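Numbering (my numbering), first residue to last: 3 to 164.
Positions of the beta carbon are idealized from the N, C-alpha and C atoms, including for glycine.
Source: prediction; values computed, not measured.
To start, the structure itself, in structure tokens.
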């Protein structure tokens, strides 16, 4: 039982768990989930942690086959009054693991040690359900994107490269 699953239960979210055997040689954790679960990439979302120019952390949730746009993230964080920043970059792996309580490749947006300002790519709203990490490699939680946003007090925004 991961903190992500415990939080989903605690909030009575409409979720399903999907497990698969993780291959340590997989080049991409997210694309491995797509392949092993037999679902489309636009339904599987990765959780990335960024750091702002002021040193604050934030979470970006986006489709596994897309690339995060740092300028769009900074703008969305500032315009939603979540964090004042001009720039963001990927957070250091050790800092990600310390602040979330999860290992890379298994970082869930749910049940993190410390709740961070969170953005979810707007395309999630077009899906009835999306898949996010369940808190360890080889475990995905499927849930409605609106429930994820409400639980995390997250905002939907365009945060990927065009």
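Can the beta-carbon of residue i be found closer than 7 angstroms to that of residue j?
| i | j | result |
| --- | --- | --- |
| residue 124 | residue 85 | no |
| residue 90 | residue 54 | yes |
| residue 51 | residue 32 | no |
| residue 49 | residue 111 | yes |
| residue 78 | residue 161 | yes |
| residue 6 | residue 136 | yes |
Is there a C-beta anywhere in chain C that falls below 7 angstroms from the one on residue i?
| i | result |
| --- | --- |
| residue 78 | In the displayed structure, chain C is absent; only one protein chain is listed. |
Specify the secondary structure class of residue i as computed by DSSP and reduced to three states.
| i | result |
| --- | --- |
| residue 157 | strand |
| residue 91 | strand |
| residue 110 | coil |
| residue 85 | coil |
| residue 18 | strand |
| residue 135 | strand |
| residue 4 | coil |
Of the choices the options, whose alpha-carbon is the least far from that of residue i?
| i | options | result |
| --- | --- | --- |
| residue 142 | 14, 160, 21 | 21 |
| residue 66 | 103, 44, 137, 57 | 44 |
| residue 164 | 68, 81, 151, 82 | 68 |
| residue 157 | 81, 87, 56 | 81 |
| residue 165 | 161, 108, 62, 96 | Examination of residue 165 is not possible in this model, given that the chain is present from 3 through 164 alone. |
| residue 154 | 138, 133, 114 | 114 |
| residue 41 | 25, 138, 134 | 134 |
| residue 122 | 92, 27, 63 | 63 |
| residue 101 | 116, 92, 37, 8 | 116 |
Which runs of the alpha helix (DSSP H) at least 4 residues long sit entirely within the segment 33-79? Give them in chain order. none
Across the segment 128-137 and the segment 146-155, are there enough close Cβ pairs to call them in contact, namely three or more that are closer than 8 angstroms? With the cut-off at 8 angstroms, the segment 128-137 and the segment 146-155 touch.
Is the segment 8-24 in contact with the segment 73-84, if contact means three or more CB pairs nearer than 8 angstroms? The answer is no - the segment 73-84 does not touch the segment 8-24, with fewer than three Cβ pairs under 8 angstroms.
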